[in-house]
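*Asks:* Numbering follows my numbering, with no gaps: position 53 of the sequence shown is 1271. Backbone N, C-alpha and C define an ideal beta-carbon position, used for all residues, glycine too. Since the structure is predicted, the reported quantities are computational estimates derived from the model, not experimental observations.
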Amino acid sequence: MNEETFNISLRKFLKVVGVTSQREVEQAVRGAIESGKLKGSETLQAKIVLTIDAVGLKHEVEEEIKLA
């Protein structure tokens, strides 16, 4: 394994995940506020699951996202 190649590829993957996930969450929250489903003052429970089947990885992260 080439450590540098692996590190660069992993960082690129995580950057894409972060950027696209943030955009999706922002759009979903704005839409829910516009539709009246959310007031805009809630704290949302969020969970993300990262899986890599080839190595048997399943990593879960749970956090709160505060809107106000």
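Return the CA-CA distance between G1258 and R1241, expressed in angstroms with no decimal places.
*Replies:* Approximately 17 Å, taken between the alpha carbons.
*Asks:* Which value, in whole angstroms, describes the spacing of the CA atoms of Q1263 and L1256?
*Replies:* One C-alpha to the other measures close to 13 Å.
*Asks:* Leaving out five residues on either side along the sequence, give the residues of the same chain with a beta carbon under 8 Å from the beta carbon of S1239.
*Replies:* Cβ within range, chain order: I1266.
*Asks:* Run through the DSSP bridge pairs and tell me what A1264 is partnered with.
*Replies:* Paired residue(s): E1281.
*Asks:* CA-CA distance, N1220 and T1269?
*Replies:* One C-alpha to the other measures close to 22 Å.
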